[in-house]
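Let me begin by presenting the structure, written as structure tokens, before commenting on it.
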Amino acid sequence: MKKILSLLMIFTLCFILVGCDDEGPIPYKYDSYEASEKISELGSSTGFLLEYSMIGSEDSYRNIKYLYDDFEDWDDDDYDDYDDYEDDDYSSMTITIGIKSGITYISSGFAEIYVDQTDGSRVVLYVGAMDDSGSYRWMKQEMSYTDFYSNDYYSVYASIYDYLMPTQAFYHGEVMKKKTDVICGRLCDNLTIADSMNQGDSINICIDKEYGFCLKMATVETYRGETYTSGMECTRFEINPGIVLPNV
Numbered sequence: 018m019k020k021i022l023s024l025l026m027i028f029t030l031c032f033i034l035v036g037c038d039d040e041g042p043i044p045y046k047y048d049s050y051e052a053s054e055k056i057s058e059l060g061s062s063t064g065f066l067l068e069y070s071m072i073g074s075e076d077s078y079r080n081i082k083y084l085y086d087d088f089e090d091w092d093d094d095d096y097d098d099y100d101d102y103e104d105d106d107y108s109s110m111t112i113t114i115g116i117k118s119g120i121t122y123i124s125s126g127f128a129e130i131y132v133d134q135t136d137g138s139r140v141v142l143y144v145g146a147m148d149d150s151g152s153y154r155w156m157k158q159e160m161s162y163t164d165f166y167s168n169d170y171y172s173v174y175a176s177i178y179d180y181l182m183p184t185q186a187f188y189h190g191e192v193m194k195k196k197t198d199v200i201c202g203r204l205c206d207n208l209t210i211a212d213s214m215n216q217g218d219s220i221n222i223c224i225d226k227e228y229g230f231c232l233k234m235a236t237v238e239t240y241r242g243e244t245y246t247s248g249m250e251c252t253r254f255e256i257n258p259g260i261v262l263p264n265v
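Here the numbering used here is used: the first residue of the sequence shown is 18, the next is one more, and so on.
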């Protein structure tokens with residue numbers, strides 16, 4: 018009985034938190050330095066892994082031509098390019114980023130990269146790409162540290178954090194709506210930011226409350242009374258992931 022009551026209390030708390038909604042506009046605030054420090058500390062301790070999937074309504078890609086038909090340089094070849102995205106099931110693409118024990122892992126679905134910096138004298142790079150048969154072919158390269166090419170020179174940590182945090186372009190934006198949401202079991206701030214460049218359009222981002230990860234970023238475009246959404250959202254979040262180097 019106590020267990021059931023506890024579950025009910027947790028469910029009620031989550032319902033209340035997710036339901037809270039503040040109307041704007043309010044200033045957009047995000048401490049990228051603090052977030053970078055927290056993410057860095059997490060990567061150096063237990064490690065983490067995030068997988069992002071492309072999101073968007075079906076019409077976002079099918080009707081992209083009509084969203085941009087005011088541009089003079091638009092032509093049918095551009096439309097064909099977007100047709101190719103739809104044919105390749107663009108909305109199902111994923112990007113995975115993980116860091117643990119000095120190893121950085123990046124995957125785009127058709128290619129994988131491991132950067133091993135556990136050795137104090139060298140960095141080892143593993144690159145795997147899918148061939149026509151659907152199998153991975155791996156390449157391994159070792160690079161020694163020197164006085165000039167140090168550990169910091171080869172480090173991908175600093176640049177990788179840029180992909181895990183909201184872009185600086187939002188820093189001077191206005192938050193029209195703010196609420197607490199849950200993505201991949203993580204409490205986050207769900208923000209709707211007005212797009213100053215396109216009247217009526219907005220950006221929807223969700224920021225992890227504990228570490229500052231950007232768990233969702235999507236553009237919301239309104240055209241001729243229709244709304245189109247496209248972007249990416251975290252669909253997998255792990256702390257202390259199992260990142261294992263390939264056997265090459």
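We put the CB at the ideal spot given by N, CA and C, even for glycine.
Cut-off 7 angstroms between Cβ atoms - residues of its own chain near residue i, not counting five sequence neighbours on either side
{"i": "residue 139", "result": "159, 160, 161 and 162"}
Reduced DSSP category for residue i - H, G, I as helix; E, B as strand; rest coil
{"i": "residue 196", "result": "strand"}
{"i": "residue 220", "result": "strand"}
{"i": "residue 10", "result": "Absent from the structure is residue 10, since the part of the chain shown begins at 18 and ends at 265."}
{"i": "residue 60", "result": "helix"}
{"i": "residue 168", "result": "helix"}
{"i": "residue 131", "result": "strand"}
{"i": "residue 162", "result": "coil"}
{"i": "residue 240", "result": "strand"}
{"i": "residue 204", "result": "strand"}
{"i": "residue 11", "result": "Outside the shown range of the chain (18 to 265) lies residue 11, about which nothing can therefore be said."}
{"i": "residue 125", "result": "coil"}
{"i": "residue 247", "result": "strand"}
Within-7 angstroms CB hit, residue i to chain B
{"i": "residue 124", "result": "The question asks about chain B, but that chain is absent: this structure has only one protein chain."}
Per DSSP, cross-strand counterpart(s) of residue i
{"i": "residue 65", "result": "116 and 256"}
{"i": "residue 140", "result": "160"}
{"i": "residue 225", "result": "205"}
Contacting residues, own chain, Cβ-Cβ under 8 angstroms from residue i (five flanking each side not counted)
{"i": "residue 187", "result": "45, 47, 210, 220 and 222"}
{"i": "residue 181", "result": "56, 67, 114, 230 and 231"}
{"i": "residue 64", "result": "115, 116, 117, 118, 256, 257, 258 and 260"}
{"i": "residue 171", "result": "132, 134, 140, 160 and 162"}
{"i": "residue 246", "result": "72, 73, 74, 77, 221, 235, 236, 237 and 238"}
Cα-Cα separation between residue i and residue j, rounded to whole angstroms
{"i": "residue 253", "j": "residue 122", "result": "15 angstroms"}
{"i": "residue 111", "j": "residue 248", "result": "11 angstroms"}
{"i": "residue 250", "j": "residue 205", "result": "12 angstroms"}
{"i": "residue 264", "j": "residue 61", "result": "24 angstroms"}
{"i": "residue 137", "j": "residue 260", "result": "19 angstroms"}
{"i": "residue 183", "j": "residue 141", "result": "30 angstroms"}
Expected contact under 8 angstroms - CB spacing of residue i and residue j to nearest Å
{"i": "residue 56", "j": "residue 229", "result": "7 angstroms"}
Same chain, Cβ closer than 6 angstroms to residue i, five either side skipped, listed in chain order
{"i": "residue 83", "result": "Only weak support exists for where residue 83 lies, its pLDDT of 42 falling under 50; the coordinates are left without a value."}
{"i": "residue 128", "result": "146"}
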